[in-house]
Amino acid sequence: MSDKLIIFDTTLRDGEQSPGASMTRDEKLRIARQLERLRVDVIEAGFAASSNGDFAAVKAIADAVRESTVCSLARANDRDISRAAEALSGAARARIHTFIATSALHMEKKLRMTPEQVLEQSRQAVRFARNLCADVEFSAEDGYRSDPDFLCRVVEVAIAEGATTINIPDTVGYAIPELYGAFIRLLRERVPNSDKAIWSVHCHNDLGMAVANSLAGVKMGGARQVECTINGLGERAGNCSLEEIVMAVKTRRDYFGLDVGVDPSQIVPASRMVSQTTGFVVQPNKAVVGANAFAHASGIHQDGVLKARDTYEIMRAEDVGWAANKIVLGKLSGRNAFKQRLQELGITMESEAEINAAFARFKDLADRKSEVFDEDILALVSDESVTAEREHYRLLALSQRSEMGERPHAAVTFAIGEAEVQAEADGNGPVDASLKAIESRVQSGAELMLYSVNAITSGSTESQGEVTVRLQHGGRVVNGVGADPDIVVASAKAYLAALNKLHSNVERVAAQG
Ligand code: KIV
Ligand code: ZN
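FYI, in the numbering used here the residues of the sequence shown are 497 to 1009.
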C-alpha cells in the first residue's frame, strides 16, 4: 500500500456550501492559486453544473492551475458529468467527482429510488465519466450510514467501471473514530476489487470529530486520501480541517508513517486568505492557525519555552507560516517592490489600473501605519474597492463625532456611480451611525446578518481593523470586507463593498442546492 497521503481540498466546493461563504469567480481563483502554492494534491474547484457562475469558476481554475489536479463535483447523471468535463477541459490534470446517496434514508426519502436503481445509476455514471476523464472519483453520499452489504456492491461496480478513487463520506458527522476506521477497513476487505482504487475519507464535523474520524479512516481503514477544507470551513459545523490533518500526519510521522506533499509554510497564508474572503473568522484557540496557537501566556510555560522550545511546543510556528508575518514594505517602498510582493503572495491583478489603485491604497496605509505586514496587503486587496472600475459605491470621506453620554453622529460622503452624495445620521455608536447614513441614501433594504471586527496583525493598537459585513437581500447573501486603521472607516468600506456585490451581478454560488 502507498505511503503517500493524498490531500484533497474542498474549500471551494464543500467549504463554499457554508451559508454566507459563497465566493465570486475571482475570489475562488485567488484561493485556488494559494492552494496550488500550498501544494495540495487535488483542488475541488466547485460543482460545474450547479450554475453558470460555478461553471466559470471551475473553468478559470482548471485553466490557471498547473500543479494540482483540478476536480469538479457532478451528480451521477450525464448532464452534470458532461458539464464537469467541459469546465475541466483546460486542466493539466483533471478529475471528475461523481456522487450518489447510498443510505436507505437518502435513497428512499430524498432520491425516491430503489437500491437497484441507485446501483445501476452508479454504474452508468462512472462508465460515462470514465469515457470523458481518466481520473474519476466516486462518492457514496451518506456512505457511513449505508448498509455495508449494499455499499460493497455499489463500490465494486464503481471500481469495475473504472473509478480510480472511492470516497466514503460521513455526510452528517455521525461517526466515531474507531467505528469509522473499522467501517473503512471492512469495506476494503470485503470489496473484491478494492485494491484497484484509492480509498478516501470525507468527514463532517457535527460532533467535533471530523479530524479524528479521518485519521482513524487512514490509520485503521487504510484510506490514502483525506478530503478537507482550510480552517475546517463548511456547512453546519464544517468539514475536516486541512491544517490539522496535515500537521497531525507530519508531526506524528512516527505513528502514521505517511508522506504528505503539502508545503506547511503556506498554511497560515491560506488560512488568512480564506478567512478574509469568506468573513469566517478563525477562533483564537484554533489548532495550528488560531492567533493563540503558539502563544505561551503562563509564566511556567514561557520559562520552559525560553529554555528549550520543545518543552511546550510540538510544532514550530514558522514551519506553518507564522513567520511569513514579517514586515515587508514601508512607505518608502516603490511600485515595483509592491508589485513583486503581490506576486509572491499569489495575487494576480488583471490590469495596470488595478495595480495602481492597490498601490495608492498601500501608500495611504503606509503613511498611517509604520509597519505594513503581508496580512495588511492581503486585506488591502481583498477590500473590494481596489478594483475601482468595478465599483458602483465608493467611500470618499467620513467624519464622526462620539462623546460619552452623547448620541454619536456620522457624516459620510460617497460616490454612487458618477454622482457624489452626502448623508448624515445618528446611531447607537459611530459604526451604527455611519452605516445608517449610507443606508439612508442607498436604501438597499438589505438585512445585516453579520458584522465582525478583527485586528489584522497582532500585538498593537496600530493594527488595521478588518471588518466583515454580511448582507442578505432577495435570496442572495454577500460578504463585504473593509480594512483600515480606523474601524469606523473600515466598517463603512465593508458595508459599501457588500452593497457593491449586491449591486453587481457577479454570480455567487451555493454549490449544492
Ligand atoms: O458530504 C458529502 O457527502 C459530500 C459528497 C458530495 C462528497 O460532500
Ligand atoms: Zn461533504
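For each residue, glycine too, the CB sits at the ideal point set by N, CA and C.
In this text, all values refer to a predicted model and were calculated from it rather than measured experimentally.
Let's see if you can read the secondary structure: which residues bound the beta strand (DSSP E) around residue i?
i: Val977; result: Arg972 to Asp980
i: Leu967; result: Gln960 to His969
i: Asp922; result: Ala915 to Asp922
i: Ile952; result: Glu943 to Ile952
i: Ile912; result: His905 to Ile912
i: Ala636; result: Val632 to Glu637
i: Glu893; result: Correcting the residue identity first, residue 893 is Ala in this sequence and not Glu. That run of the beta strand (DSSP E) goes Tyr889 to Arg897.
Within 10 angstroms of the Cβ of residue i, are there 16 or more other Cβ atoms? Answer buried if so, exposed if not.
i: Leu944; result: exposed
i: Gly753; result: exposed
i: Phe830; result: The sequence shown places Gly at residue 830, rather than the Phe named in the question. Gly830 should be labelled exposed.
i: Asp631; result: buried
i: Glu887; result: buried
i: Pro760; result: buried
i: Gln839; result: exposed
i: Ser585; result: exposed
i: Glu723; result: buried
i: Met900; result: exposed
i: Asp550; result: buried
i: Glu637; result: buried
i: Met743; result: buried
i: Tyr751; result: exposed
i: Gly971; result: exposed
i: Glu848; result: exposed
i: Leu892; result: exposed
i: Asp863; result: exposed
i: Gln513; result: buried
i: Lys606; result: exposed
i: Gln918; result: exposed
i: Gln896; result: buried
i: Ala485; result: In the structure as shown, the chain starts at 497 and stops at 1009, and residue 485 therefore has no counterpart that could be examined.
i: Gly941; result: exposed
i: Thr957; result: exposed
i: Ala820; result: For Ala820, the predicted model reports a pLDDT of 49, less than 50, meaning its position is unreliable; a value from the coordinates is still stated below. Looking at its Cβ environment, which holds 16 or more other Cβ atoms inside 10 Å, Ala820 is buried.
Using a Cβ-based criterion (distance less than 6 Å to any ligand heavy atom), does residue i qualify as near the ligand ZN?
i: Asp510; result: yes
If you follow the alpha helix (DSSP H) that residue i is part of, which residue opens it and which one closes it?
i: Ser710; result: Ala706 to Lys715
i: Glu935; result: Pro926 to Val938
i: Ala988; result: Ile983 to His999
i: Ile796; result: Gly795 to Lys803
Just to check, is the beta-carbon of residue i closer than 6 Å to a non-hydrogen atom of the ligand KIV?
i: His602; result: no
i: Glu637; result: yes
i: Phe595; result: yes
i: Thr964; result: no
i: Thr507; result: no
i: Thr667; result: yes
i: His698; result: yes
Is the closest heavy atom of the ligand NAP to the C-beta of residue i under 6 Å?
i: Ala906; result: Among the ligands present in this structure, namely the ligand KIV and the ligand ZN, the ligand NAP is not found.
Length-filtered (3 minimum) beta strand (DSSP E) runs lying within the region 549 to 611: Within the region 549 to 611, the complete beta strand (DSSP E) runs of at least 3 residues are 565 to 571 and 590 to 597.
Those runs of the alpha helix (DSSP H) which lie wholly inside the region 502 to 551 and span at least 4 residues: 521 to 533
4 or more residues per run - each alpha helix (DSSP H) lying fully within the region 657 to 693: 673 to 686
Runs of alpha helix (DSSP H) lying entirely within the region 715 to 791, each at least 4 residues, in chain order: 738 to 747, 749 to 752 and 763 to 774
Ranges of the beta strand (DSSP E) found wholly within the region 836 to 880, counting only runs of at least 3: none
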